[in-house]
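To start, the structure itself, in structure tokens.
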């Protein structure tokens, strides 16, 4: 029997965020809201993703900024960079 189910699934897409920080604890706080990245597809079963509030150490925040900037730079240059650690 042939499998006809799609392997495409919903992922939480960041739609809004607020950032704060603490000098005392050397942490960055991120409050984030998400929507279903497949919500634009007609008749797609919408999945709800809860808002999240998280704490990021200053060191991890700097590393995250560097990786995000690297990804944007590659996108701006038209370079496809695949990661084996992420879902493709």
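In our numbering, the protein residues as written are 92 to 179. Positions of the beta carbon are idealized from the N, C-alpha and C atoms, including for glycine. Keep in mind the model is a prediction, meaning the values are calculated, not measured.
Near the ligand MN: residue i beta-carbon under 6 Å from a heavy atom
i: residue 166; result: Absent from the structure shown: the ligand MN. Ligands present: none.
Residue span of the beta strand (DSSP E) that contains residue i, given as start and end
i: residue 142; result: No beta strand (DSSP E) contains residue 142, which DSSP labels as neither H nor E.
i: residue 106; result: 103 to 113
Sequence-distant residues of the same chain with beta carbon closer than 6 Å to residue i, five excluded per side
i: residue 122; result: 109, 144
i: residue 124; result: 106, 107, 142
Contact check, residue i vs residue j, beta carbons under 7 Å
i: residue 134; j: residue 102; result: no
i: residue 152; j: residue 119; result: yes
i: residue 165; j: residue 173; result: no
Close-in-space but distant-in-sequence residues of the same chain around residue i (CB under 7 Å, 5 per side omitted)
i: residue 137; result: 127, 130
Practice item. Could you tell me which uninterrupted alpha helix (DSSP H) segments, each at least 4 residues in length, are contained entirely in the segment 122 to 173, listed from first to last along the chain? Key: 149 to 168
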